[in-house]
Amino acid sequence: MYSVNYHRATSVADAAKKIKSGDAKYLSGGMTLIPAMKTRLAAPSDLVDLNHIADLKGIKVSGKSITIGAATTHFDVANDEKLKKVCPALSHLASHIGDPAVRHRGTIGGSVANNDPAADYPSALLALGATVVTNKRQIAADKFFKGLFETALKDDEIVTAVTFTAPAKSGYAKFPNPASRYAMTGVFVTKGKDGVRAAVTGAGDDGVFRSKEIEAALTKKFEASALEGVTVPSGSLMGDIHATPEYRANLVVVMAKRAVAAANA
Amino acid sequence: MSEVSLVVNGRKVSGAVEDRTLLVHFLREHLGLTGTHVGCDTSQCGACVVHVDGKATKSCTMLAIQASGSTVTTIEGLANGADLHPVQAAFKEHHGLQCGFCTPGMIMTATDMIRRHPEGLDETTVRAELEGNICRCTGYHNIVKAILAASKTMSKASKSKAKKAA
Ligand SMILES: Cc1cc2nc3c(=O)[nH]c(=O)nc-3n(C[C@H](O)[C@H](O)[C@H](O)COP(=O)(O)OP(=O)(O)OC[C@H]3O[C@@H](n4cnc5c(N)ncnc54)[C@H](O)[C@@H]3O)c2cc1C
Ligand code: FES
Ligand code: FES
Chain A
1 MYSVNYHRAT
11 SVADAAKKIK
21 SGDAKYLSGG
31 MTLIPAMKTR
41 LAAPSDLVDL
51 NHIADLKGIK
61 VSGKSITIGA
71 ATTHFDVAND
81 EKLKKVCPAL
91 SHLASHIGDP
101 AVRHRGTIGG
111 SVANNDPAAD
121 YPSALLALGA
131 TVVTNKRQIA
141 ADKFFKGLFE
151 TALKDDEIVT
161 AVTFTAPAKS
171 GYAKFPNPAS
181 RYAMTGVFVT
191 KGKDGVRAAV
201 TGAGDDGVFR
211 SKEIEAALTK
221 KFEASALEGV
231 TVPSGSLMGD
241 IHATPEYRAN
251 LVVVMAKRAV
261 AAANA
Chain B
1 MSEVSLVVNG
11 RKVSGAVEDR
21 TLLVHFLREH
31 LGLTGTHVGC
41 DTSQCGACVV
51 HVDGKATKSC
61 TMLAIQASGS
71 TVTTIEGLAN
81 GADLHPVQAA
91 FKEHHGLQCG
101 FCTPGMIMTA
111 TDMIRRHPEG
121 LDETTVRAEL
131 EGNICRCTGY
141 HNIVKAILAA
151 SKTMSKASKS
161 KAKKAA
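From first to last, the protein sequence lines stand for chains A and B. Here UniProt numbering is used: position 43 in the first sequence is 43, and no number is missing along the way. Here UniProt numbering is used: position 24 in the second sequence is 24, and no number is missing along the way.
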């Protein structure tokens, strides 16, 4: 790892001030940034640690309306009793990110800001029609994820929270990469008052996306059987040593069936 | 350089380190606690797992300065004098190690896992919880056996303690 200067922020305003030093980056759980720094894929001059800002932590559930602070760990999302009652699919998703040690430190804000094309949370935010709240504005998930590791965030902008209204039904299923546990294909489906949404991670050439084909079929009937015979085009899907685009196209349908079954269970 | 101060295995420690120093290097090189191992560069193997403020953490994926102010337990902090911790004893009894390189991380992950599952563990849960710990020798079978046995011993011990207190 190259040399770096560490700063501990005490508030969001303090973090926004400290990020101005050199080529600084925010540090949340560090479960992506530190491995990248160790292999010198990232080399920020300064780190601004967001972990000690109380305002960024915790989960608020009021009726169906949910706010999750950006520095809330995967472990806390997986184990929050109130959240589990209103949106169990999101807790289930969080409980399958990486391993226990990764979940103890990794955060929702870091995952969303990073927008790894195989990360789990982006599919949830897109399917839940969530809003990403920053220190400057509110951004709809539909406008937030902009392709591989790209988001609508400005360089110094801080994700402070994620908010959404829990839908009547939601479910998530992922086919984990056997080595890394990232999604080789993951599908999050929801049925709420604005209809059905289905978002796919781990498969798109350009990151997370909504599948028209899955949504159309599930709008007719929100059941796994509605996806019998449905195909999704493989043209814009990822191909790598783990799976071809055609294999992933099939996985999208299979994971969508499991996600719907989980949502209806 | 920054001043780092921590409580490690019940002892207050501090030192001036470069900000880029990983917690695992602080433990091994500054404190001489070489029980915590480094097995990979990718945060995947779990040989470096310690408890930071009571939670299993990969000490290769955290800066020492990030941990400043925290309480850390390493494999050296588990035994009570010459008496092995029940998880250590179970690994010995059930042959849960061969070369032993992964063992400190396995044991720190196991103690964290048992703490979070006071209701008891089953094989599927243990295997899922070991997702972040890689062993190149044992094939995991005896590690799983050791953790299940330790979980039973520890829940018995805490029940009899509760009885005594009642
Ligand atoms: C072994 C392993 C397995 C993993 N498996 C999975 C998996 O199965 N699924 C999955 O989805 N992920 C997985 N991850 C990634 C993990 O979920 C990370 O925690 C997550 O992607 C990043 O969150 P973080 O809090 O650790 O962010 P950091 O690593 O601290 O930061 C990541 C990036 O986001 C920026 N950032 C962080 N917080 C903010 C903020 N509030 N505002 C603006 N920018 C910010 C940082 O500057 C940095 O560029 C895995 C990681 C490891 C090491
Ligand atoms: S050394 Fe920390 S995970 Fe491998
Ligand atoms: S005992 Fe050798 S790596 Fe696990």
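Even for Gly, the Cβ is constructed at its ideal location relative to N, Cα and C.
Please report the residue range of the alpha helix (DSSP H) in which residue i lies.
i, result
"arginine 127 (chain B)", "123–129"
"leucine 237 (chain A)", "No alpha helix (DSSP H) contains leucine 237 (chain A), which DSSP labels as neither H nor E."
"threonine 73 (chain B)", "Not the alpha helix (DSSP H): threonine 73 (chain B) falls in the beta strand (DSSP E), residues 71–73."
"valine 38 (chain B)", "Here valine 38 (chain B) belongs to no alpha helix (DSSP H), and DSSP marks it neither H nor E."
"glycine 195 (chain A)", "Note, glycine 195 (chain A): premise wrong, no alpha helix (DSSP H); beta strand (DSSP E) at 195–201."
"serine 62 (chain A)", "Not the alpha helix (DSSP H): serine 62 (chain A) falls in the beta strand (DSSP E), residues 59–62."
"threonine 244 (chain A)", "From DSSP, threonine 244 (chain A) is part of no alpha helix (DSSP H); its letter is neither H nor E."
"leucine 22 (chain B)", "Taken as a continuous stretch (DSSP letters only), leucine 22 (chain B) belongs to no alpha helix (DSSP H), as it is neither H nor E."
"threonine 219 (chain A)", "212–220"
"phenylalanine 75 (chain A)", "74–79"
"isoleucine 108 (chain A)", "108–114"
"serine 91 (chain A)", "88–95"
"valine 12 (chain A)", "12–18"
"lysine 38 (chain A)", "33–38"
"arginine 105 (chain A)", "100–105"
Determine, using beta carbons only, whether residue i and residue j come nearer to each other than 8 Å.
i, j, result
"isoleucine 188 (chain A)", "isoleucine 66 (chain A)", "The displayed chain sequence assigns phenylalanine, not isoleucine, to residue 188 (chain A). Not in contact: phenylalanine 188 (chain A) and isoleucine 66 (chain A) (Cβ atoms no closer than 8 Å)."
"glycine 106 (chain A)", "isoleucine 97 (chain A)", "yes"
"serine 236 (chain A)", "glycine 204 (chain A)", "yes"
"serine 5 (chain B)", "aspartate 19 (chain B)", "no"
"threonine 111 (chain B)", "valine 87 (chain B)", "yes"
"alanine 263 (chain A)", "glycine 192 (chain A)", "no"
"threonine 138 (chain B)", "glycine 46 (chain B)", "no"
"histidine 104 (chain A)", "threonine 57 (chain B)", "yes"
"threonine 201 (chain A)", "proline 122 (chain A)", "yes"
"valine 260 (chain A)", "phenylalanine 209 (chain A)", "no"
"valine 77 (chain A)", "alanine 166 (chain A)", "no"
"alanine 94 (chain A)", "serine 28 (chain A)", "no"
"alanine 90 (chain B)", "alanine 149 (chain B)", "yes"
"alanine 198 (chain A)", "valine 162 (chain A)", "no"
"isoleucine 19 (chain A)", "tyrosine 26 (chain A)", "yes"
"aspartate 156 (chain A)", "alanine 16 (chain A)", "yes"
Whose C-beta lies closer than 6 Å to the C-beta of residue i among residues of the same chain, with five residues either side of it excluded?
i, result
"alanine 217 (chain A)", "Ala226, Leu227, Val230"
"lysine 257 (chain A)", "Ala224, Leu227"
"threonine 125 (chain B)", "none"
"valine 251 (chain A)", "According to the sequence as given, residue 251 (chain A) is leucine; it is not valine. Closer than 6 Å at Cβ, skipping near neighbours: Phe175, Thr185."
"arginine 136 (chain B)", "none"
"asparagine 133 (chain B)", "Gly46, Gly105, Met106, Thr109"
"proline 245 (chain A)", "Ser234, Leu237, Gly239"
"aspartate 23 (chain A)", "Pro44, Ser45"
"alanine 146 (chain B)", "Ala90, Phe91, His94, Gly96"
"cysteine 102 (chain B)", "Ala47, Cys135"
"threonine 32 (chain A)", "Asn114"
"aspartate 80 (chain A)", "Ile59"
Could you name the residues of the same chain whose beta carbon sits closer than 8 Å to that of residue i, not counting the 5 residues immediately before and after it, in chain order?
i, result
"valine 12 (chain A)", "Ile53, Asp55, Leu56, Asn135, Ile158, Thr160"
"lysine 82 (chain A)", "Ile59, Val61"
"alanine 79 (chain B)", "His85, Gln88"
Once the 5 residues before and after residue i are set aside, which same chain residues still bring their CB inside 7 Å of it?
i, result
"threonine 36 (chain B)", "Val24, Leu27, Arg28, Cys48, Val50, Ser59, Thr74, Ile75, Pro104"
"tyrosine 6 (chain A)", "Leu47, Asp49"
"histidine 242 (chain A)", "Asn177, Met184"
"residue 167 (chain B)", "Because chain B spans 1 through 166 in this model, residue 167 (chain B) falls outside it and cannot be assessed."
"alanine 113 (chain A)", "Thr151, Leu153, Val159"
"methionine 154 (chain B)", "Pro86, Ile114"
"threonine 61 (chain B)", "Ser43"
"leucine 148 (chain A)", "Pro117, Asp206, Gly207"
"isoleucine 68 (chain A)", "Ile59, Val77, Ile108, Ala161, Val162"
Identify the continuous beta strand (DSSP E) that holds residue i and give its terminal residues.
i, result
"leucine 6 (chain B)", "2–8"
"alanine 16 (chain B)", "11–17"
"tyrosine 26 (chain A)", "24–27"
"aspartate 46 (chain A)", "46–49"
"histidine 7 (chain A)", "5–8"
"serine 65 (chain A)", "65–69"
"glycine 186 (chain A)", "183–192"
Does any residue of chain E bring its CB to less than 8 Å from the CB of residue i?
i, result
"aspartate 80 (chain A)", "Of the chains in the structure shown, none is chain E; the protein chains are A and B."
Quiz item: Hey, which unbroken runs of the beta strand (DSSP E) at 3 residues or more fall wholly within the segment 150–175 of chain A?
Solution: 159–165
Practice problem: Determine, using beta-carbon pairs with one atom in the segment 62–73 of chain B and one in the segment 114–128 of chain B, whether at least three such pairs fall under 8 Å. | Solution: Judged by Cβ distances under 8 Å, the segment 62–73 of chain B makes no contact with the segment 114–128 of chain B, as fewer than three pairs qualify.
Self-check item: Touch test, the segment 93–107 of chain B against the segment 60–74 of chain A, Cβ-Cβ under 8 Å, three pairs minimum
Solution: no
Quiz item: Does the segment 141–150 of chain A come within contact of the segment 77–92 of chain A, defined as at least 3 CB pairs closer than 8 Å?
Solution: no
Exercise. Note down, one range per segment and in chain order, each beta strand (DSSP E) of at least 3 residues found wholly within the segment 116–140 of chain A.
Key: Complete beta strand (DSSP E) runs here, min 3: 131–134, 138–140.
Self-check item: Whole runs of the beta strand (DSSP E) within the segment 43–121 of chain B, excluding any shorter than 3 residues
Solution: 49–52, 55–58, 71–73
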